[in-house]
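In this text, residue positions in the sequence shown follow the working numbering: the first is 61, and each later residue adds one.
Each remark here refers to the structure printed beneath this line.
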Amino acid sequence: MLSFEDFKKIELRIGRVVSVEDHPNADKLYVMKVDLGGEERQLVAGLKKYYTAEQLQGRLIVVVANLAPAVLRGVESQGMLLAAGEGDTVSVLQPDADIAPGAKVL
């Protein structure tokens, strides 16, 4: 279980999805390029069942930016996007306003 001190260490930043491609080794995963304000990151996300690539393209998202990179089915992911799910519904968290990529989520 996370303590409050652990939770304070999580760095959430706004990102803009620059590109979305099918993962070469997984049917349910996308490989996404995300602009975090002058820094581009590659994320691997299991969203194919819930979103088309076109629905994600250009969207603002919330990214956990200070995770160690992880390799998912042979492709490196340099962060994690936040989404909420219940049953067969998954929604990517996104800001209401057009906030600049790289902005910190407070």
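The C-beta atom is built at its ideal place from N, Cα and C for all residues, glycine as well.
All values reported here derive from a predicted model rather than from experimental measurement.
Alpha-carbon spacing of Met92 relative to Ser79, whole angstroms | 6 Å
Can the beta-carbon of Val124 be found closer than 8 Å to that of Ile74?
-> no
Opening and closing residue of the beta strand (DSSP E) in which Ala130 lies | Ala130 to Leu132
Should Leu89 and Arg133 be called a contact, given that it needs their Cβ atoms to be closer than 8 Å?
-> yes
Put Lys93 into one of helix, strand or coil per three-state DSSP.
-> Strand at Lys93.
Continuous alpha helix (DSSP H) assignments of at least 4 residues falling wholly in the segment 76-161 | 113-116
Buried or exposed for Pro84, please, with buried defined as at least 16 other CB atoms from any protein chain shown within 10 angstroms of its CB.
-> exposed
Contact under 8 Å by Cβ, Gln154 with Val131 | no
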